[in-house]
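Residue numbers (this note's numbering): -16 to 325. Backbone N, C-alpha and C define an ideal beta-carbon position, used for all residues, glycine too. Quick caveat: nothing in here was measured; it's all calculated off a predicted structure.
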């Protein structure tokens, strides 16, 4: 696990790799990259090939040990951008590492197998890093989904897919990954995994430190782990994590921003999950995000939470990811703010 610097740059298209020159101007090279995390201007759904394009152009430029995590969907005010986590020359206050699970067979996506493999990989990363689970602020995962071809191959093999709906498979995969994160961080016990996956609609299992995004561009899980450095309790770079109770929860973020101001800090990046409340209402008032047949609820939620976060922070190049299953409470979402102090 390495001390990190974090740099963020807007992009002109999913194929734009010009931020690499900006990184070099900062004195770093592609070989220093631990992770490239980005928001691309696709629809964030199954056929969002902006994620695939970005992953393709970046993975050829970064070390094989590094990971890419691209989340599609920049609805509303959100700005397409990339965030680099790079190995720092000295201690900064934050640590990060990247890892990957093995590739999943199609029938394993969204199942107990995926959850336990995610948990095993994260646990190994934490043990190797020599940090405590309590010091972890964010576990960011890019996970697979099921295409029509994958579903057909499952059936031909005489097996059953977790769902036959490709869009729903994104949610199952995100939730399985989030349950794996919760297990790795000791937020749930091993005997809770199967029950959680059998009843995802109950929302009983979730982690405030999980952020999972699914896509067709990979068959395994890319994992980025961010933690505080125990040797630098007052480091220049700091992070605080929590969760939004619902899509209108400005209070939680305002509380974090107030804490940052008291420390004379400046926000560097925000990672937040957004979900249309599955109950169909927010604070007792009905919403229509789940019943819109034209626009998927994940896109509505991303636009709503993106506008809220961007407005409060004063920056539209923030990482807002739709589909919050198991990543914060139902209708809410995990929240991690990285900031710098003098």
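Discussion item. Output needed for residue 112: all residues of its chain with C-beta closer than 8 angstroms, excluding positions within five of it in sequence on either side, in chain order.
Written reply: One-based indexing of the chain shown puts residue 112 at position 129. Counting only Cβ-Cβ distances below 8 angstroms, and skipping sequence neighbours, we find -16, 78, 80, 208 and 210.
Worksheet item: Closer than 7 angstroms: is that where the CB of residue 175 sits relative to any heavy atom of the ligand GTP?
Response: Ligands displayed in this structure: none; no statement on the ligand GTP is therefore possible.
Fill in: Own chain, CB closer than 7 angstroms to residue 219, minus 5 neighbours either side, in chain order
As a first step, residue 219 must be located in the chain shown, where it is residue number 236. Result list for residue 219: 75, 76, 323 and 324, in chain order.
Worksheet item: Can you give, in chain order, each stretch of the alpha helix (DSSP H) that sits fully within the region 141 to 220 and has at least 4 residues?
Response: 149 to 167 and 176 to 181
Worksheet entry | Three-way DSSP call (helix, strand, coil) for residue 301 in this model | Counting from 1 along the chain shown, the entry for residue 301 is found at position 318. Of the three classes helix, strand and coil, the one that applies to residue 301 here is coil, per DSSP.
Item to complete: Give me the Cα-Cα distance between residue 162 and residue 131, rounded to the nearest whole angstrom.
Response: In the chain shown, residue 162 corresponds to position 179, counting from 1. In the chain shown, residue 131 corresponds to position 148, counting from 1. Near 25 angstroms, if we compare the C-alpha coordinates of residue 131 and residue 162.
Worksheet item: When the Cβ atoms of the region 48 to 60 are set against those of the region 6 to 20, are three or more pairs found closer than 8 angstroms?
Response: yes
Worksheet item: Are residue 205 and residue 125 close, meaning C-beta to C-beta below 8 angstroms?
Response: Start at 1 with the first residue of the chain shown, and residue 205 comes out as number 222. Start at 1 with the first residue of the chain shown, and residue 125 comes out as number 142. In this structure, residue 125 lies closer than 8 angstroms to residue 205 by Cβ.
Item to complete: Let me know the alpha helix (DSSP H) ranges lying completely inside the region 28 to 60, each 4 residues or longer, listed in chain order.
Response: 32 to 42
Item to complete: On the DSSP bridge assignment, give the partners of residue 126 in chain order.
Response: The count along the chain shown starts at 1 and reaches residue 126 at position 143. According to DSSP, which records beta bridges pairwise, residue 126 is partnered with 197.
Worksheet item: Just checking, does the region 196 to 204 make contact with the region 276 to 290 on the three C-beta pairs under 8 angstroms criterion?
Response: no
Fill in: N-terminal and C-terminal residue of the alpha helix (DSSP H) that residue 69 is part of
Numbered from 1 along the chain shown, position 86 holds the residue referred to as residue 69. Element bounds for residue 69: not the alpha helix (DSSP H) but the beta strand (DSSP E), 64 to 70.
Worksheet item: Start and end of the beta strand (DSSP E) containing residue 257?
Response: Within the chain shown, the letter at position 274 stands for residue 257. Taken as a continuous stretch (DSSP letters only), the beta strand (DSSP E) holding residue 257 covers 249 to 257.
Item to complete: Report the option in 303, 148 and 282 whose CA atom is closest to the CA atom of residue 319.
Response: One-based indexing of the chain shown puts residue 319 at position 336. When only C-alpha atoms are compared, the closest one is 303.
Discussion item. How far does the alpha helix (DSSP H) with residue 398 in it extend, from its first residue to its last?
Written reply: In this structure the chain extends from -16 to 325, so residue 398 is not present and cannot be described.
Discussion item. Tell me the residue span of the beta strand (DSSP E) that contains residue -6.
Written reply: As a working mapping, residue -6 is identified with position 11 in the chain shown. No beta strand (DSSP E) contains residue -6, which DSSP labels as neither H nor E.
Worksheet item: How should residue 2 be labelled, buried or exposed, when 16 other C-beta atoms within 10 angstroms of its C-beta is the threshold for buried?
Response: Within the chain shown, residue 2 is the residue found at index 19, counting from 1. Classification of residue 2: buried, given that the 10 Å Cβ count is 16 or more.
Worksheet item: Using the rule of at least 16 other Cβ atoms within 10 Å of the residue's Cβ for burial, across every protein chain shown, is residue 15 buried or exposed?
Response: Within the chain shown, residue 15 is the residue found at index 32, counting from 1. Flag for residue 15 reads buried.
Fill in: Beta-ladder partner(s) of residue 320, from DSSP
In the chain shown, counting from the first residue as 1, residue 320 sits at position 337. According to DSSP, which records beta bridges pairwise, residue 320 is partnered with 223 and 253.
Item to complete: Using alpha carbons as the reference points, say which of 182, 194 and 153 lies closest to residue 253.
Response: Within the chain shown, residue 253 is the residue found at index 270, counting from 1. Nearest C-alpha to residue 253: 194.
Worksheet item: If you draw a straight line from the alpha carbon of residue 144 to that of residue 47, how long is it in whole angstroms?
Response: On the chain shown, position 161 is the one that residue 144 refers to. On the chain shown, position 64 is the one that residue 47 refers to. If you take the alpha carbons of residue 144 and residue 47, they lie about 31 angstroms apart.
Worksheet entry | Distance between residue 102 and residue 237 (C-alpha atoms, nearest Å) | Indexing the chain shown from 1 puts residue 237 at position 254. Indexing the chain shown from 1 puts residue 102 at position 119. For residue 237 and residue 102, the distance between alpha carbons rounds to 32 angstroms.
Fill in: Residue from 277, 158 and 270 with nearest C-alpha to residue 188
Mapped onto the chain shown, residue 188 falls at position 205. For residue 188, the nearest C-alpha among the options comes from 158.
Worksheet item: With a Cβ-Cβ cutoff of 8 angstroms, do residue 298 and residue 265 count as a contact?
Response: As a working note, residue 298 is residue 315 in the chain shown. As a working note, residue 265 is residue 282 in the chain shown. No, these two residues do not count as a Cβ contact at 8 angstroms.
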